[in-house]
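These notes are about the structure you will find just below.
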Amino acid sequence: MEKVTTIFVVLFLISSCMIMRSEGQFRCEKASDCDPRGCRLDTHVICNERHKCTCAHGAPLGGECDTVTDCYLSGCPPFTSVRCIGHVCGCYS
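Counted the way mature numbering (1 follows the signal peptide of the UniProt record, and there is no 0) counts, the sequence shown spans residues -24 to -1, 1 to 69.
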């Protein structure tokens, strides 16, 4: 019984270390590839320029806004810009 317990503990420790090492290693292409549960209420999840999931301030595209400063400003493709039109953040040319 003692051997079984020891083996279980060793396997648990190994799996815990592997999970901790993989934290932040996941590469994303867009925000929907990321898990939003790690972000606080006043932030949202984004896939940054280095293709890493992270939390950011500002409303995401499609989110509510009063002015353009309420929006996350780096979410648009080239040759478009973020604007707050009709209280919604969006990309416009």
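All C-beta atoms in this analysis are idealised placements derived from N, C-alpha and C, irrespective of residue type, glycine included.
All values reported here derive from a predicted model rather than from experimental measurement.
With the cut-off set at 8 angstroms, would you say Gly34 and Tyr48 are in Cβ contact? yes
Give the DSSP-derived three-state secondary structure of Thr56 in the structure shown. coil
Confirm the yes/no value for this check: CB of Cys15, any heavy atom of the ligand MG, distance under 7 angstroms. Among the components modelled here there is no ligand, and therefore nothing to report on the ligand MG.
Residue span of the beta strand (DSSP E) that contains Cys4, given as start and end: Careful: Cys4 lies outside any beta strand (DSSP E) and carries neither H nor E.
Close-in-space but distant-in-sequence residues of the same chain around Cys10 (CB under 7 angstroms, 5 per side omitted): Cys4, Val21, Cys23, Cys29
What does a CB cutoff of less than 7 angstroms around Thr19 pick up in its chain, not counting 5 residues either side in sequence? Cβ neighbours of Thr19 beyond the five flanking positions: Cys31, Ala32, His33.
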